[in-house]
Amino acid sequence: MSGAHITPEIISPVRRIGRREFDFGRQVAIMAIVNRTPNSFHDQGSTYELDRAVAAAVRAVDEGADWVDIGGFAFSAAQAAIGVEEEIERVAPVIAE
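With the numbering used here as the guide, the letters of the sequence shown map in order to residues 400 to 496.
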């Protein structure tokens, strides 16, 4: 392909996430993370209990988070995988609250 010129595709920085629209070309978005795991390397399980996870998510939004990632599995090479059902059981109640 000597002499070929490849034009990169222009991708819009505007994304709809849930009911909100973000223009990442004009603004920064803040994502908070709440680990609903008993063995998180970050918080050692401090937000594993439902009431603590919900409180942490609400606090994050109150402090300016645009969205909250609720983690149901501690991703680490040292951690054994959990089933999809268990991960849903950890995450869904926080979202429901």
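Glycine included, every Cβ here is placed at the ideal spot set by N, Cα and C.
When Glu462, Ala495, Ala464 and Glu488 are compared against Gly471, the one with the closest alpha-carbon: Counted from its first residue, the sequence shown places residue 471 at position 72. Checking every option, the nearest Cα to that of Gly471 belongs to Glu488.
Pick from Gln426, Val490, Glu484 and Arg419 that is closest to Ala456, judged by C-alpha positions: Here residue 456 is taken as the residue at index 57 of the sequence shown, counted from 1. For Ala456, the nearest C-alpha among the options comes from Val490.
Option nearest Asp422 by Cα separation, candidates Ser411, Ala431 and Ile429: Against the sequence shown, residue 422 aligns to sequence position 23. Of the candidates Ser411, Ala431 and Ile429, the one whose C-alpha sits nearest the C-alpha of Asp422 is Ser411.
C-alpha distance - Val460 paired with Glu484, whole-angstrom precision: Walking along the sequence shown from the start, residue 460 turns up at place 61. Walking along the sequence shown from the start, residue 484 turns up at place 85. Going from the Cα of Val460 to the Cα of Glu484 covers about 27 Å.
Sequence-distant residues of the same chain with beta carbon closer than 8 Å to Gly463, five excluded per side: Translated into the one-based positions of the sequence shown, residue 463 becomes position 64. Cβ neighbours of Gly463 beyond the five flanking positions: Ile429.
8 Å contact criterion, which Ile469 and Val433 should meet: CB distance rounded: Position 70 of the sequence shown, counting from 1, holds the residue named residue 469. Position 34 of the sequence shown, counting from 1, holds the residue named residue 433. Between Val433 and Ile469 the Cβ distance is about 5 Å, and since that is below 8 Å, they are a contact.
Identified DSSP bridge partners for Val460: Residue 460 sits at position 61 when you count from the first residue of the sequence shown. DSSP output for Val460 lists no bridge partner at all.
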